[in-house]
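Heads up: the structure comes next, in structure tokens.
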Amino acid sequence: FVPVLYKAGFRGPVFAHHATSGLCDILLADSGRIQEEDAKYLGKHKLSRHEKPEPLYDEATAKSAMKLFQGVEFHQQFEIGDIKVTLQPAGHILGASSVIIEAEGKKVGFSGDVGRPQDIMMYPPEPLPDLDLLLLESTYGDRLHKETEDAEEQLAAVVKETSEAGGVLLIPSFSVGRAQLLQHLLVKLMEEGRIPRQTIYLDSPMAINVSGLYQRFHQLHRLSDSDCARTFGTVEYTRSVDESKAIASQSGPHIIIAGSGMATGGRILHHFKRWLGDHRATVLFSGHQAGGTRGAKMLQGVESIKLHGQWLPVKARIRSLEGLSGHADYQEILDWLAQSELKPNTPIQLVHGELDALEAFRDCLMQRTSYDVEVADYQGVYHL
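The end of the sequence shown is residue 388 by our numbering, with every number in the run present.
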């Protein structure tokens, strides 16, 4: 949204943790480039209701918008007029922050995306101070996660199953957080002798660049600088299109991690063309698959999938890896709140969740805590 604001004339400062600024520098430019390509494609093939479809913003606008960013550290208080703002670690991904806002003697907190206390890579979210109002996320307000140890065992089992069949393991992955976690787990399992040694390819320029940020900001997560160097140094990175195409000509067991995570686009589709029809291969989804996406359809057991205008048979094994979510579930958020300095009857407005999750989490909090909990109204105004 920052490039859209810039395009509309906004020139004020954009405050973010340094790591978040680094991520935006990678993600926003890539997003602008994709939108430009999509707009050209839609216009060329007359697939848009607009005579000349335009992107929300282009790559050049995204790069210009980055000049507005002002990086700050955790716990470094800064001021916007009479308002004082502090960021503290939320634990979800690199740079993820809870925001504490102080003005007119009141203190308001926004949780941001809350991470997990036992996350494999990220440190746990920092407990909140006393607040006059908390805006709290509710992504998983109606569910509990499986243990991460189960996820490791699932991953090891899928790798061994595919290797024994002589096949290729394809892992569609999100570029931020998940791709770095998968690299870490696969290298760890190999070093521990729990899976056969084989080549791991990371076929995603964006995920490769993000991995560099994880090494640069290693103090923000559980992997040391040497851990990052060993993990990311073991995986083979394919940046160019030619390098990506070269992988497709290889046979025998190997692992390919590529975007996108829901198989809606990206280089994973080209690997699907090569391997989906091979019964020895496996496709392993490692994150949420939104309804209607190729990932969701494949997990539902479809016999064929449409790629670039062609229907391809799905003969590869389709598997799902659970337990790797970076979002806290409702019990983990309850535990996080219990560690905070929030007083009884503190007002909490629930945001960022599907309606079922919001209402379930509201009922849970009302039954198990003494906070004053409501589901926030869209565009509602709350008076302190």
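Just so you know, even glycine gets a beta-carbon here, dropped at the ideal spot from N, CA and C.
In angstroms, rounded to a whole number, what distance separates the CA positions of residue i and residue j?
i: VAL306; j: HIS258; result: 25 Å
i: GLY269; j: ALA107; result: 44 Å
i: GLY113; j: PRO133; result: 9 Å
i: ILE337; j: LYS192; result: 29 Å
i: GLY216; j: GLN371; result: 44 Å
i: ILE260; j: LYS277; result: 14 Å
i: ALA12; j: GLN39; result: 17 Å
i: THR238; j: GLY119; result: 27 Å
i: GLN80; j: VAL162; result: 44 Å
i: PRO131; j: GLY197; result: 38 Å
i: PRO317; j: GLY281; result: 6 Å
i: THR242; j: LYS301; result: 28 Å
i: MET125; j: LEU138; result: 27 Å
State the DSSP-derived secondary structure class of residue i, mapped to helix, strand or coil.
i: ILE337; result: helix
i: GLU165; result: helix
i: PRO121; result: coil
i: GLN314; result: strand
i: SER324; result: strand
i: ASP376; result: strand
i: THR24; result: helix
i: MET266; result: coil
Taking 9 Å as the threshold (C-beta atoms), are residue j and residue i in contact?
i: TYR218; j: GLU240; result: no
i: LEU91; j: PHE73; result: no
i: TYR386; j: GLN335; result: no
i: PHE14; j: VAL89; result: no
i: GLY357; j: TYR144; result: yes
i: HIS22; j: GLY109; result: no
i: SER115; j: LEU140; result: yes
i: THR24; j: GLY95; result: no
i: THR235; j: LEU224; result: no
i: LYS67; j: GLY36; result: yes
i: TRP340; j: PRO121; result: yes
Taking 6 Å as the limit between beta carbons, can you name the residues of its chain near residue i, skipping five residues before and five after?
i: GLY299; result: MET266, ALA267, PHE289 and GLN293
i: GLY181; result: ILE97 and GLY330
i: GLN184; result: SER215 and TYR218
i: MET70; result: ASP29
i: TRP315; result: SER308
Quick one: residues in its chain with C-beta nearer than 8 Å to the C-beta of residue i, no 5 flanking neighbours on either side, listed in chain order?
i: THR166; result: VAL172, LEU173, PRO257, ARG284, ALA285, THR286 and ARG321
i: ARG271; result: ASP207, SER208, SER248, ALA262 and GLY263
i: LYS347; result: ASP134
i: CYS368; result: GLY145, TYR334 and LEU338
Excluding the 5 residues flanking residue i on each side, which residues of the same chain have their C-beta closer than 7 Å to its C-beta?
i: LYS56; result: GLY47
i: CYS232; result: TYR218, GLN219 and HIS222
i: HIS149; result: GLY327, SER329 and ASP333
i: ALA169; result: ARG284
i: GLU58; result: ALA43
Just checking residue i against the ligand HEM - is the residue's beta carbon closer than 8 Å to any of the ligand's heavy atoms?
i: LEU72; result: The ligand HEM is absent from the structure shown, which contains no ligands of any kind.
Any contact of the region 374-381 with the region 147-166, i.e. 3+ C-beta pairs under 8 Å? With a cut-off of 8 Å, the region 147-166 and the region 374-381 do not count as touching, because too few Cβ pairs lie within range.
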